[in-house]
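Residue numbers (this note's numbering), protein chains in the order written: chain A, -8 to 346; chain B, -8 to 346.
Yeah, the Cβ is synthetic: ideal placement off N, Cα and C, and Gly gets one too.
Fair warning: this is a prediction, and the values are worked out from it, not measured in the lab.
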DNA sequence: AGCGTGAATGTTAGCGCTACCGATAGCGCT
DNA sequence: AGCGCTATCGGTAGCGCTAACATTCACGCT
């Protein structure tokens, strides 16, 4: 034993500096050194250029350009406890009604310096919770969600996170926070009323309502109520189960509907994608639309008005939802009180040739 | 004046701890305290559960559940210098051929613990640089880009970032790094050959090639070459300029084509979206397709085979591109050597009723 | 008993940035 | 001159996490 350890007073070993896999990239202080100012000043130039006088700002900006500095947002987020980031959770992004919402939402927020990251749940609510959890790891300053019905786990996460939330594309008497949407049930009921007005009496609803699309289920509810009130008959419904939201599935749904309810004089679908598939199948088979069978969709995709015959559908102000959602969320993130935090944007039955 | 300041030896003021707007959220050490272990052990459980024995792991996991802990990824990124994040830059996501690529790419990478964030350039290459810059702020571990032609600013950013990159949906003799794609020119030439084989002699190309869609421009090149080689005539082209990639624009393009080249016996479009709009317009107007006019698209969207008449188009293995891109990128991110870093996935002319 | 070994866990020092505060200089006023 | 004010800039201490190392302990061996 060495005398040292016997003495009971061990000298701390001479510390060599820790090895860290250093980032090869340029940091704030590199820029600061190059510009001859402090890191703090560079930070100010990056975040709020007007807070620094012209001369200094020019020198710092030159140094940034010369060094090729790209700020590390992870460090910024950590230090400032703000991520300047907003997360959007949608069921599906491609070929979907939500594309316009996300696009306008993201454009509106980008103008205020926010980046949006989008997650898709593939129409599986149980998936929503996982996606949400991994998104919350990035500590978004705000959150957009499609739909108003969530699992209890999702609600717990939202509550714990304490982040401003906008729900969209639905309606609820008890929203989590902000709400920009409309009643899917009322929209579907309006479509039933339209079809009844056109003389249809045996209307079948075809959708994907049992497998995790709560909005389709709400539309089914509206359909059921309307059929009972207006026609007095039993509802006629067919369900696609877990099939994807695609035109192929629309054909399948059409076949199911005609097999189970051969006397149907109208089929309304829970999405334009389904209706478009069914409509083209009818054209190919020579089924007279709307003579023999009326068809209707939901969403008013661009496709709907181009098809021949043009597709009757329910138009929803998809882009407007995104804009409004961004507006309300910005107000809330600013900490200001939000006027009328629940906005009904409505819907409109667009009667075209297929009904 | 106090004696202190007169004495010239000012005591350092007693430092009260800095006030920081404390995060209200649960941190690693909260969990550690609750589980009776160190923060490091909790970190290990979160990142690599197998590195901790069952008993400890169970206790820590219980503590995580009890506290509702959600890891702060910004802190993790900063400390580990890895973001477990991959960025994808695409021209457009909704109603586009890239949707399948992004989807399969993201699925393949998610299986390895990576999150994908997607940015869209709206078909504006000058926008690409801005989007890239803001993405690099998040220090992605890898990058997917659509296309092989980039601005010099983009190339400089990529070089400085030193991040693995996969380019897709194109072909180049001098790629930035990895490449999974095919020759747009060859694909367009093959379509010309198909149309010529069907007896067409006055083929017009309609696209959006002057306004920032390099892939459309490449297709135009292939078309021009093929027309010269096979037909000997002058190329006939019409351009949509900055119009959006939408069915409406397809109708506009059709009208332009028929106005400028009234004797056209075939029109090939740079996208299925354009072709679908044009095709439905023909159906509505009673133009015989393919009798009077053959139409062809590009991309083989689901829509193409459902339309009546079904649309002739070029099928590209969009999902396969995403998968392969993920595979190569994973290998590179692992630091392993990549076999055959440039993969040609090919294309296929799908002859249907419209030609 | 003493030692080497390896598994399990703890300790320490940052990662790059910003909040917070303090220091200084310049200005207009009494 | 002295005062108070504002504009400008710098110093310091973390934000929550993990890499790198250190320590502890049980175990099998000589």
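Using a Cβ-Cβ distance cut-off of 8 Å, the stretch 280 to 294 of chain B and the stretch 307 to 318 of chain A are not in contact, since fewer than three pairs of beta carbons, one from each stretch, lie closer than that value. Annotation for residue 78/B: no alpha helix (DSSP H) segment contains it, though the beta strand (DSSP E) segment containing it runs 76 to 81. Taking 8 Å as the cut-off, the Cβ atoms of residue 317/A and residue 288/A do not count as close. Under the three-state reduction of DSSP output, residue 145/B falls in the helix class.
Straight across, the Cα-Cα distance linking residue 70/B with residue 69/A is about 11 Å. DSSP, read as helix, strand or coil, puts residue 108/B in strand. Inside the stretch 20 to 54 of chain B, DSSP marks whole alpha helix (DSSP H) runs of 4 or more residues at positions 30 to 38, from first to last along the chain. Residue 194/B sits in a strand when the DSSP states are folded into three classes. Rounded to whole angstroms, residue 330/B and residue 268/B show a C-alpha spacing of 42 Å. It is roughly 36 Å from the alpha-carbon of residue 248/B to the alpha-carbon of residue 96/A.
Residue-level contact check: residue 108/B touches chain A, since one or more beta carbons of chain A fall below 8 Å from its beta carbon.
The secondary-structure analysis by DSSP pairs residue 258/B across a beta bridge with 195/B, 286/B. Neighbourhood of residue 52/B in chain A, by CB distance below 8 Å: empty, with the nearest CB roughly 14 Å away. For residue 274/A, the chain B residues whose Cβ falls inside 8 Å of its Cβ are 299, in order along the chain. Contact with chain A is absent for residue 30/B, since none of that chain's Cβ atoms lies less than 8 Å from the residue's Cβ. Setting aside the 5 residues that flank it on each side, residue 88/A is surrounded in the same chain by 290, 309, each with a C-beta closer than 6 Å to its C-beta; the list follows chain order. Between residue 264/B and residue 241/B, the CB-CB gap stays under 8 Å. Cβ neighbours of residue 26/A within its own chain (closer than 6 Å, five residues either side excluded): 50, 51, 54.
With a threshold of 8 Å between beta carbons, residue 62/B makes contact with chain A.
Restricting attention to 32/B, 139/B, 109/B, 160/B, the CA atom closest to the CA of residue 337/B is found in 160/B. If you draw a straight line from the Cα of residue 67/A to the Cα of residue 74/A, it comes to about 8 Å. Here residue 131/A is buried, its C-beta having at least 16 other C-beta atoms within 10 Å. Straight-line measurement puts the Cα of residue 324/A at about 57 Å from the Cα of residue 186/B. A straight line joining the alpha-carbon of residue 250/A with that of residue 112/A spans about 32 Å. Our two residues, residue 298/B and residue 286/B, have alpha carbons roughly 12 Å apart in a direct line.
When rounded, the separation of the alpha-carbon atoms in residue 163/B and residue 312/B is 16 Å. Three or more beta-carbon pairs drawn from the stretch 74 to 86 of chain A and the stretch 102 to 111 of chain A are found closer than 8 Å, and the two stretches are therefore classed as touching. Under the DSSP assignment, residue 333/A falls in the beta strand (DSSP E) whose first and last residues are 333 to 335. By the Cβ-count criterion, residue 142/A is exposed, with fewer than 16 other Cβ atoms from all chains shown falling within 10 Å of its own Cβ. Interface criterion not met: the Cβ of residue 55/B is under 8 Å from no Cβ in chain A.
Under DSSP, residue 296/B shares a beta bridge with no residue. Taking the C-beta atoms as reference points, residue 319/B is found nearer than 8 Å to residue 169/B. Among the residues facing chain B, residue 259/A is not included, as its CB has no counterpart in that chain under 8 Å away.
Chain B places a beta carbon closer than 8 Å to that of residue 238/A, counting this residue as a contact. Here the C-alpha atom of residue 295/B lies approximately 11 Å from the C-alpha atom of residue 271/A. Restricted to the stretch 113 to 193 of chain B, the alpha helix (DSSP H) segments that are unbroken, complete and at least 4 residues in length are 116 to 127, 143 to 152, 175 to 188, listed in chain order.
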